[in-house]
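A.B. asks:
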Ligand SMILES: Nc1nc2c(ncn2[C@@H]2O[C@H](COP(=O)(O)OP(=O)(O)OP(=O)(O)O)[C@@H](O)[C@H]2O)c(=O)[nH]1
Ligand SMILES: [Mg+2]
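Numbering (this note's numbering), first residue to last: 13 to 352.
1. Please report the distance separating the alpha-carbon of residue 140 from that of residue 29.
2. Does the contact criterion of 3 or more C-beta pairs under 8 Å hold for the stretch 143-162 versus the stretch 55-66?
3. Just to confirm, does residue 68 get its C-beta within under 7 Å of one of the non-hydrogen atoms of ligand 2?
4. Should the stretch 194-211 be regarded as contacting the stretch 171-182, the criterion being three or more beta carbon pairs within less than 8 Å?
5. Between which two residues does the alpha helix (DSSP H) containing residue 16 stretch?
6. From the DSSP output, in three-state form, read off residue 29 for me.
7. Going by the C-beta, is residue 171 closer than 7 Å to any heavy atom of ligand 1?
8. Name the residue from 318, 260, 332 and 144 whose alpha carbon lies nearest to the alpha carbon of residue 49.
9. Output the distance between the C-alpha atoms of residue 109 and residue 69, rounded to the nearest integer angstrom.
10. Pull up the DSSP beta-bridge partners for residue 202, would you.
11. According to DSSP, is residue 346 part of a helix, a strand, or is it coil?
12. Please report how far the alpha carbon of residue 41 lies from the alpha carbon of residue 47, in whole angstroms.
13. Is residue 58 near ligand 1, judged by its Cβ being under 7 Å from some heavy atom?
14. Please say whether residue 175 and residue 357 have beta carbons closer to each other than 8 Å?
15. Have a look at the DSSP bridge pairing and note the partners of residue 269.
16. Using the Cβ count rule (16 or more neighbours within 10 Å means buried), how would you classify residue 237?
Structure representation (structure tokens):
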């Protein structure tokens, strides 16, 4: 049996090996991705992002446990977790911390947790994450949770990978709410106010509501007794509501409070995506973005191979001297007789 066949048959060792090959972007890894692609597109991807220390890993831990031990009448789901830590410069730390907290899930064959240290460019990080997710998808995991720290472009890109993205906040992280400031609200499908046992939850929730109001001025906000109010969740989430308005969920991730409600919000969002046709649209858009990025990277690489460094440096010199504009430089380089 080939390694790919073993992976498809549920062999964990084969899965671990392929994940490593893919993470290291080896030729075997690329071949594996090509072979596995036809088997992808079935998993549901959940992104979990937010500032450092807000409780993302604790939340992921409890959610994974919840999906493995669902309420009566529901099937346990196979869960994979990709924990991306772009801020950690070395492999060991983040990995160990996450693993220890995930101990409740250790030994469960329906759960697979993979920590990923940052390396290379930020764009590379999103690409590697996407590749690892494809491997888990092909390996038959029903749910794939992707944890990212922070609110930079890399996190936004990774969040775009997911079908449902949770943005995790916690009280006491500053009134202006770091993650939101960086524009991550744009990618939030569910807002989680974790550490609800800490003082200041109401303030954090209020700040989030105010931000939501700015981001989604209608139809959710209506005037009531002359006062602007936000529609209660049940109304906003009504079946015929075409616009998804991110609900705000309170949790205490350390003891699992609010976890079933977060899972329910994720399920509602999934239904919304399926019923509105957004799921198919998102998928098409995501694959188109991936195709465009790959096409660009490939064309540039081919062009570099075919062109001379000398000519490039000469054009750069002309550009620096202001003899030609950047547009003219590109035209000169592309038309310089180097065929692709
Ligand atoms: N009191 C309280 N502590 C919490 C809660 N959730 C998480 N914590 C604690 O907060 C700390 C950080 O939790 P993590 O789950 O590691 O947070 P994280 O967002 O994954 O952290 P990074 O991955 O480092 O960004 C840990 O000590 C947790 O035990 C909560 O709801 N209440
Ligand atoms: Mg974490």
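For each residue, glycine too, the CB sits at the ideal point set by N, CA and C.
C.D. replies: Considering the structure as presented:
1. Going by the C-alpha atoms only, they are around 15 Å apart.
2. Result yes; three or more Cβ-Cβ pairs closer than 8 Å.
3. Within the cutoff, so yes.
4. These segments touch.
5. Boundaries of the alpha helix (DSSP H) around residue 16: 15-20.
6. If DSSP states are grouped into helix, strand and coil, residue 29 belongs with the helices.
7. No - ligand 1 has no heavy atom lying nearer than 7 Å to the Cβ of residue 171.
8. Closest by alpha carbon: 144.
9. Bear in mind that a pLDDT of 44 at residue 109, under 50, signals an unreliable position, so the number given afterwards is only what the model happens to contain. When rounded, the distance between both Cα atoms is 9 Å.
10. Per DSSP, 178.
11. Of the three classes helix, strand and coil, the one that applies to residue 346 here is helix, per DSSP.
12. One C-alpha to the other measures close to 10 Å.
13. No; taking the cut-off as 7 Å, the Cβ of residue 58 has no heavy atom of ligand 1 nearer than that.
14. Coverage of the chain is limited to positions 13 through 352, which leaves residue 357 absent and any answer about it impossible.
15. DSSP lists 264 as partners of residue 269.
16. Low local confidence applies: a pLDDT of 46 at residue 237 is under 50, so the model's placement there is unreliable, with the coordinate-based value given in what follows. Of the other Cβ atoms in all chains shown, fewer than 16 fall within 10 Å of the Cβ of residue 237; this residue is therefore exposed.
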